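I have placed the structure first, in the form of structure tokens, so that the comments after it can refer back to it.
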Amino acid sequence: MNECQLETFLTISEYKSYSKAAEVLNVTQPTVTSRIKSLEEILQCSLFSRLGHEISLTEEGVLFTEYAKNILIYMNHAKEIKQMVKKPVIKVGFSPGYSYSFIIEILKAVKSTENTNAQIVDHYDSTNLNEMLRSGVLDLIFTRDILTDSQNIISEYLFDNQLVVVLPINHHLSQKHPLFIEDLHHETIFSYKRNSSLWKSIDQKLIRARDITRVDVENNEMLLNAVANDLGIGIIPELGIDSKYHSKIITKRIDELDQIQNKVYVHYRRNSQMEKLAKKIIYAVIQHKYSEE
14 MNECQLETFL TISEYKSYSK AAEVLNVTQP TVTSRIKSLE EILQCSLFSR
64 LGHEISLTEE GVLFTEYAKN ILIYMNHAKE IKQMVKKPVI KVGFSPGYSY
114 SFIIEILKAV KSTENTNAQI VDHYDSTNLN EMLRSGVLDL IFTRDILTDS
164 QNIISEYLFD NQLVVVLPIN HHLSQKHPLF IEDLHHETIF SYKRNSSLWK
214 SIDQKLIRAR DITRVDVENN EMLLNAVAND LGIGIIPELG IDSKYHSKII
264 TKRIDELDQI QNKVYVHYRR NSQMEKLAKK IIYAVIQHKY SEE
């Protein structure tokens with residue numbers, strides 16, 4: 014069983030066509046047919062069935078699909094061994110906004126570990142990050158979703174990331190306590206990723222706020238900048254607030270928003286070298302989080 018056979022099998026599965034798979038893989042159709050025949054001989058079963066011009070996976074083919082994906086992931090990881098021994102690279106991903114709170118601690122942890130490089134990415138949502146971790150593109154991610162379906166990934170709950178209302182420093186609600194949803198009548202409310210599952214939960218709570226104007230912006234930075242310039246108010250997870258805005262804004266809690274669960278999870282690849290560095294990063298993040306409270 015080899016990499017070419019597995020890639021060919023998965024490509025046919027995706028396009029439901031031997032000829033399309035040959036085109037995508039830039040090989041001849043007889044080559045595609047030969048690879049699948051060899052793979053079926055190894056597995057001692059048929060992977061595809063034909064009905065006229067239609068191609069579909071057999072029951073065995075459906076079961077083998079997940080194995081094929083995992084084997085390719087392991088193959089790709091195995092190719093990293095030489096580089097990992099020489100100077101390992103940890104690839105870290107964040108859900109939007111988390112890097113404001115975690116980036117310095119992660120860089121310190123990596124810097125204190127000899128012969129380790131880091132690659133850090135931001136601005137992906139939790140779903141994309143989960144897929145990037147599963148496929149091996151990333152090694153460690155911080156997201157709001159728990160992963161329960163992979164034996165090759167370790168998942169740990171870190172802490173809650175409470176939602177807060179962000180107000181300009183001189184806003185008329187800045188001195189009001191407690192704050193209620195009804196207090197947001199007639200306000201301009203800035204949001205980020207309003208089509209996300211988190212914001213759908215927030216919108217359900219905002220139904221009781223009348224005559225509000227909604228503005229969805231491209232990122233947390235734009236949201237905070239708009240609030241700091243007295244253009245409206247925002248609702249944002251607490252960890253998404255860059256400390257440079259602390260002198261220009263004020264945050265307030267609303268009980269109804271506190272009821273929305275927004276947790277922070279960390280997920281990382283299960284191998285001895287990665288686990289050691291991951292634990293060091295996680296400890297640094299947790300220590301920073303609770304030292305600020």
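Count the sequence shown with this note's numbering and you get residues 14 to 306, in order.
Just so it is clear, CB atoms sit at the ideal spot from N, CA and C, and this is done for glycine as well.
No experiment lies behind these values; they were computed from the predicted model shown.
Extent of the continuous beta strand (DSSP E) run through residue i
i, result
"K104", "V102 to F107"
"E67", "E67 to L70"
6 Å Cβ shell around residue i - same chain, five flanking residues per side excluded
i, result
"V134", "G106"
"I55", "M14"
"L146", "I154 and H280"
"L151", "K104, G106 and M145"
For residue i, three-class secondary structure by DSSP
i, result
"Q18", "helix"
"T156", "strand"
"T24", "helix"
"Q164", "coil"
"Q132", "strand"
"L244", "coil"
"S59", "coil"
"E231", "coil"
"L64", "strand"
Length of the line joining the Cα atoms of residue i and residue j
i, j, result
"L290", "E234", "30 Å"
"H301", "E118", "7 Å"
"R63", "K50", "14 Å"
"K257", "C17", "51 Å"
"D224", "S69", "53 Å"
"R48", "E36", "15 Å"
"T78", "H259", "50 Å"
"D255", "S148", "31 Å"
"Y296", "K213", "32 Å"
"S285", "N83", "19 Å"
"S209", "A81", "31 Å"
Chain-order list of residues whose beta-carbon lies under 8 Å from that of residue i (same chain, five-residue window excluded)
i, result
"V230", "F203, S204, Y205, L236 and A239"
Cβ-based neighbour list, residue i, same chain, cut-off 7 Å, excluding 5 preceding and 5 following
i, result
"L160", "N143, I166, S168 and H280"
"D196", "L186 and K189"
"V177", "I249, E251, T264, K265 and R266"
"I182", "K261, I262 and I263"
Endpoints, the alpha helix (DSSP H) within which residue i is located
i, result
"L56", "Q42 to L56"
"N143", "S139 to R147"
"V150", "V150 -> no alpha helix (DSSP H), and no H or E assigned at all."
"K33", "Y31 to L38"
- Only counting runs of 3 or more residues, tell me where the beta strand (DSSP E) segments fall wholly within the stretch 248-299, in order along the chain. Counting only runs of 3 or more, we get 262-265 and 276-282.
- May I have a chain-ordered list of the beta strand (DSSP E) segments no shorter than 3 residues that lie completely inside the stretch 178-229? Qualifying beta strand (DSSP E) stretches, in chain order: 201-205.
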